[in-house]
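Q:
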Amino acid sequence: MRIRHIVTGSAIVVGSVVLASPALADPIGAKNAFVFDATCGTRTVQIVANSANGGGQGAQDQTTAEFTPGLVVGTNEVLHPTVFDLTFTFTPADGSPPQSFTDTSSRKNQTGDVTCQIDASQTDDQGNTFSIVGSVTGWIS
0 MRIRHIVTGS AIVVGSVVLA SPALADPIGA KNAFVFDATC GTRTVQIVAN SANGGGQGAQ
60 DQTTAEFTPG LVVGTNEVLH PTVFDLTFTF TPADGSPPQS FTDTSSRKNQ TGDVTCQIDA
120 SQTDDQGNTF SIVGSVTGWI S
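The letter at position 128 of the sequence shown is residue 127 when you use numbering that gives the first Met the number 0, and the numbering goes up by one with no holes.
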């Protein structure tokens, strides 16, 4: 009888670990994740954005996840964007001229009580630099 309880208890623990493992995944280490600091109201937070792993075709293509929430690192909070005023710049490592575009998209039913200011850049393994400057309005839950 005691062995059956030990086996049952072990199965429950192992099952819990297996089911919980996706929740423990490291979003910062995800492919194509963009990690940046943002000043949202009175606090500065680090946010991880991983919008569809770059699988879209651009801002006009409906396969992009433009309004994908961003994870606030170190918390269980999520930034839900509703309005963008951002400039994205790609600077190639080969010395070619930088390419920029501005996104001023907004959801039909804009909601949000916080505006986050962003000024961040990230360089990939080939030396290309991606930067983002501007603001995002939304809410944090």
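For each residue, glycine too, the CB sits at the ideal point set by N, CA and C. Computed from a prediction, not measured in an experiment: that's the story for all the values here.
Name the residue from 129, 72 and 65 whose alpha carbon lies nearest to the alpha carbon of residue 42.
A: For the purposes of this step, residue 42 is taken as residue 43 along the sequence shown, with counting starting at 1. That would be 72, whose Cα lies nearest to the Cα of residue 42.
Q: Give, in chain order, every unbroken run of the alpha helix (DSSP H) that is at least 4 residues long and sits entirely within the stretch 72–125.
A: none
Q: Should residue 136 be labelled buried (16 or more other beta-carbon atoms within 10 Å of its own) or exposed?
A: Against the sequence shown, residue 136 aligns to sequence position 137. So residue 136 ends up on the buried side.
Q: Compare the C-alpha of residue 139 against each of 49, 32, 34 and 74 and name the closest.
A: Stepping through the sequence shown from its first residue, residue 139 is reached at position 140. Checked all of 49, 32, 34 and 74; the closest Cα to residue 139 is 74.
Q: How would you label residue 83, buried or exposed, when you count the other beta carbons within 10 angstroms and need 16 or more for buried?
A: Stepping through the sequence shown from its first residue, residue 83 is reached at position 84. Residue 83 should be labelled buried.
Q: Hey, out of 114, 122, 49 and 129, whose CA is closest to residue 98's CA?
A: Position 99 of the sequence shown, counting from 1, holds the residue named residue 98. Among 114, 122, 49 and 129, the Cα nearest to that of residue 98 belongs to 129.
Q: When burial is assigned at 16 or more other CB atoms within 10 Å of the CB, is residue 92 buried or exposed?
A: Position 93 of the sequence shown, counted from the first residue, corresponds to residue 92. Residue 92 should be labelled exposed.
Q: Assuming residue 85 and residue 132 form a contact by the criterion Cβ under 8 Å, report the distance between their Cβ atoms to the nearest whole angstrom.
A: The residue given as residue 85 occupies position 86 in the sequence shown. The residue given as residue 132 occupies position 133 in the sequence shown. Taking the Cβ atoms as the reference, residue 85 lies roughly 7 Å from residue 132, within the contact range of under 8 Å.
Q: Considering only C-alpha positions, which residue in the set 122, 110 and 119 is nearest to residue 66?
A: Counted from its first residue, the sequence shown places residue 66 at position 67. Comparing Cα-Cα distances from residue 66 to each of 122, 110 and 119, the minimum goes to 110.
Q: At the level of alpha carbons, what is the spacing between residue 39 and residue 102?
A: By 1-based counting over the sequence shown, the position of residue 39 is 40. By 1-based counting over the sequence shown, the position of residue 102 is 103. C-alpha separation (whole angstroms): 19 Å.
Q: At what residues does the beta strand (DSSP E) containing residue 130 begin and finish?
A: By 1-based counting over the sequence shown, the position of residue 130 is 131. Per DSSP, residue 130 belongs to the beta strand (DSSP E) from 128–139.
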